[in-house]
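Residue numbers (this note's numbering), protein chains in the order written: chain A, 2 to 266; chain B, 882 to 1303.
From the three backbone atoms N, C-alpha and C, an ideal C-beta is built for every residue, glycine too.
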Amino acid sequence: MGLVLDCMDALRDRGQCALIPFITAGDPNLETTAEALKTLDRSGADLIELGIPYSDPLADGPVIQAAATRALQQGTRLEQVLDVVRQVSPELKAPIILFTYYNPILNRGIEAFLQQIAEAGARGLVVPDLPLEEVEGLLKPAAAAGIDVTLLVAPTSPKERIEAIATQSQGFIYLVSVTGVTGIRSQVETRVQDLLLDLRNVTDKPIGVGFGISQPEQARQVREWGADAVIVGSAFVKRLAEGTPAQGLKAIESFCRSLKIAISQ
Amino acid sequence: MTRTPLSPSQNTTDAPSISESTQRPDNLGRFGRFGGKYVPETLMPALTELETAFYEYRDQPEFQQELQGLMRDYVGRPSPLYFAERLTQHYARLDGTGAQIYLKREDLNHTGAHKINNALGQVLLAKRMGKQRIIAETGAGQHGVATATVCARFGLTCIIYMGVHDMERQSLNVFRMRLMGAEVRPVAAGTGTLKDATSEAIRDWVTNVETTHYILGSVAGPHPYPMIVRDFQAIIGQETRVQCQEKWGGLPDILLACIGGGSNAMGLFNEFVNEPSVRMIGVEAAGEGVDTGKHAATLTQGRVGVLHGAMSYLLQDQDGQVIEPHSISAGLDYPGVGPEHSFLKDEGRAEYYSVTDQEAIDGFQQLSRLEGIIPALETAHAIAFLNTLCPQLTGNPRIVINCSGRGDKDVQTAAKLLDMTS
């Protein structure tokens, strides 16, 4: 088992809930991405999810879609994203988890991709369009490369699937809190509590809850329901993109701190 | 001998045979290495539910009776197999011999294209699955119109996702959909074409999956869609076989169809995949030319990738980002292609070529003038390939072209390009 799980376990041993912010690489530019990683790391992030911008982000709502489009319009390339990871990760205590759709992995070749991201310093991988049935070919080479592949459980997943996903997922289990795409929502569905219970009944692995969580109160709620980690994406991406890069960095810094405080109480 | 020098297997009489016992797709939804289910976890149970429903109902007498009754009385099937006499004469050699060209008249279906076959089949499934809300993507608007039509017929809520660019160039179809009570939602992302509309339809489905059925319009997308759409379109080839038997007591020699996602081609081909004497040709959109980068020739120019839930050939850049395609025809303007076509290509069972926007416009005019049939710009790509194909043929092979749709929707686009003052 890899470093993502180690990190999650260490937090759990201390009775803490992990905060996992998400940002899109290359939005508004790669220099800001590098600064944002450092800012999040010192503002309470326990792990950081870094999205590789993709042309057809099926699982993403308008905020992250727009960020990916801007990043690609800037000419952001996978190689450059890995350069940022390579340059910044030694300075971070938070492990970096890459979030990417499957085609860029397939395009590079599964083993080459895994080796390159591991060499750059990434520790985990989330692939939103690679469900259990298709993930097998990724899991073994990922283990060899020291990359934890975290699988997603959805509100629509039947119990037997939840169990199978929990068995295969590495690092933690990513519980999607909404039937829908990523984005900002006013409330967390109460059925997340039941889903957490269902998952807890079949696994000892840490559980992270994401999609739709955008406010400190929502993060605290999810923690109270028993989540081991809270993943917040669109709310960070939106703040980072507003105003100048300096203003964006300032905004995500205070937002990150407020989330950390909310889940530490 | 009816092979052309273009054929990848020109030294053999017959195409490589695909065993009749080979199940396509396999239990994992794969056609060889193509196909599969590359979708967010949220959709996986819905795909299983759809697959289960399809297997449950497709052979059920009550379902078949309802489908066949509507195909006959509502759609107007069977569609005729028409001998295109003047088109045949046009391509005849000096001695009067040459290809005998037939058109499978899917353009005469209710709503004016083959798309209704699949929309009708799927809406009957949706009804049995208890889904009251229907969504669909559309490029040329023909699938959107077909979906709006069956939703009106069965009183279901209908939402159609359509790229803003396509809404402009296919405004007639936008009006038709709205007239029949559908909500047409513009998609501005990307190039505002079919790829973007499909992504947005999938996002809607992820969000509303528990109440909604997604009527995907091509043999693309995650399993079981490529299989379901093919099987509902397979009636095109099934009728063609019977009609050929009636007209000349044999099989066609060559099947010719345009390919965007590939549903009209798959509908024609499927019946004949295990008939190695039947040559199958798909024609993609070369746009402004395959060397210009502005085209939609996925099978001839793409590399294997994953888009909209399936592994197939894909137009992509060196980082695996999907390239925005180009075609004058909104229905072919798609960077992916159905996985079964990728399989048939790799197996050497079907051949795939491309024609440019200009050639398609010429084909559009040619069929209009020679036969009094105005084809859809999509269909015009298949017609246009006759210019390449016919000079290479020997003897009098019988060609069946899938006349997949009528061209009323395209007259505005064509009028901008054609000088009709003379």
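>> Taking a contact to mean a Cβ-Cβ separation below 7 Å, would you say Gly184(A) touches Asp149(A) in this structure?
In response: no
>> Quick check: is the beta carbon of Ser1099(B) nearer than 7 Å to any beta carbon in chain A?
In response: no
>> To the nearest angstrom, how far is the alpha carbon of Gly16(A) from that of Val233(A)?
In response: 20 Å
> Between Leu260(A) and Gln216(A), what straight-line distance do the alpha-carbon atoms span, to the nearest angstrom?
Replying inline: 7 Å
> Any idea what DSSP makes of Arg124(A), helix, strand or coil?
Replying inline: strand
> Does DSSP classify Leu131(A) as helix, strand or coil?
Replying inline: coil
> Whose CA, out of Met9(A), Leu250(A), Val177(A), lies closest to the CA of Pro129(A)?
Replying inline: Among Met9(A), Leu250(A), Val177(A), the Cα nearest to that of Pro129(A) belongs to Val177(A).
> So what does Asp1315(B) bridge to, in DSSP terms?
Replying inline: This structure leaves residue 1315(B) out entirely; chain B is present only between 882 and 1303.
>> In the DSSP output, which residue or residues are listed as bridge partners for Thr1237(B)?
In response: Per DSSP, Gly1168(B).
> Buried or exposed: where does Thr1275(B) fall if 16 or more other Cβ atoms within 10 Å of its Cβ makes it buried?
Replying inline: exposed
>> Less than 7 Å between CB atoms is the rule here; does Pro132(A) satisfy it with respect to chain B?
In response: yes
> Among residues of its own chain, excluding the 5 on either side of Thr1092(B), which ones have a beta-carbon nearer than 7 Å to its beta-carbon?
Replying inline: Excluding sequence neighbours, Thr1092(B) sits near Lys1012, Gln1013, Arg1014.
> Between Ile899(B) and Ser170(A), what straight-line distance do the alpha-carbon atoms span, to the nearest angstrom?
Replying inline: When rounded, the distance between both Cα atoms is 38 Å.
> Apart from the five residues just before and just after Ile262(A), which ones in its own chain have a Cβ nearer than 6 Å to its Cβ?
Replying inline: none
> To which residues does DSSP link Cys1139(B) through a beta bridge?
Replying inline: Val1164(B)
>> Within 7 Å of any Cβ in chain B, is that where the Cβ of Ala145(A) sits?
In response: no
> Along chain A, which residues have their Cβ under 8 Å away from the Cβ of Ala1070(B)?
Replying inline: Gln66, Thr70
>> Using 8 Å for Cβ pairs, my map puts Ser1285(B) next to Glu1259(B). What's the rounded Cβ distance?
In response: Yes, they are in contact, since the Cβ atoms of Ser1285(B) and Glu1259(B) sit about 6 Å apart, within 8 Å.
> From this set, Val82(A), Ala143(A), Gly172(A), which residue's C-alpha is nearest Ile208(A)'s C-alpha?
Replying inline: Gly172(A)
>> Quick check: what's the CA-CA separation for Lys251(A) versus Thr101(A)?
In response: 26 Å
>> Cutting at 6 Å between CB atoms, please list the residues of its own chain near Gln219(A), excluding the five before and the five after it.
In response: Scanning its chain for C-beta atoms nearer than 6 Å, with the 5 sequence neighbours on each side dropped, one finds around Gln219(A) the residues Val189, in chain order.
> If you check the beta carbons only, do Pro1167(B) and Ala1178(B) fall under 7 Å apart?
Replying inline: Before going on, a small fix: residue 1167(B) reads as Ala here, not Pro. Cβ distance < 7 Å, so Ala1167(B) and Ala1178(B) count as in contact.
> For the 8 Å Cβ check, are there 3 or more pairs between the region 939–948 of chain B and the region 918–930 of chain B?
Replying inline: no
>> In the DSSP assignment, the alpha helix (DSSP H) including Lys1008(B) goes from what residue to what residue?
In response: 996–1010
> In this structure, what does DSSP give as the bridge partners for Ile97(A)?
Replying inline: DSSP output for Ile97(A) lists Ile49(A), Ala123(A) as bridge partner(s).
>> For Trp1086(B), count the other beta carbons within 10 Å of its own beta carbon; 16 or more makes it buried, fewer makes it exposed. Which is it?
In response: buried
>> Let me confirm a value: Lys1008(B) is counted as buried when at least 16 other C-beta atoms fall within 10 Å, else exposed. Which label applies?
In response: buried
> Would DSSP call Ala252(A) helix, strand or coil?
Replying inline: helix
>> 7 Å is my cut-off, CB to CB: does Asn30(A) come that close to chain B?
In response: So, not an interface residue.
>> To the nearest angstrom, how far is the alpha carbon of Ile1254(B) from that of Gly979(B)?
In response: 21 Å
>> Buried or exposed, going by whether 16 or more other CB atoms sit within 10 Å of the CB of Phe964(B)?
In response: exposed
>> Just to confirm the assignment, what range does the beta strand (DSSP E) spanning Gln967(B) have?
In response: One detail in the question is off: residue 967(B) reads as Arg in this sequence, not Gln. Looking at the DSSP string, Arg967(B) is not in any beta strand (DSSP E); the run it does join, the alpha helix (DSSP H), is 966–971.
> Of all the options Val1187(B), Ala1231(B), Ser960(B), which has the alpha carbon lying nearest to the alpha carbon of Gly1118(B)?
Replying inline: Ser960(B)
> Rounded to whole angstroms, how far is the Cβ of Phe23(A) from the Cβ of Gly3(A), which I believe are closer than 8 Å?
Replying inline: Incorrect: roughly 19 Å between the Cβ atoms, too far for contact.
> In chain B, which residues lie less than 9 Å from Asp199(A) when you measure between Cβ atoms?
Replying inline: Neighbours of Asp199(A) on chain B: none; closest Cβ ~14 Å, over 9 Å.
> For the candidate residues Ile166(A), Ala230(A), Leu131(A), whose alpha-carbon lies nearest to that of Leu6(A)?
Replying inline: Ala230(A)
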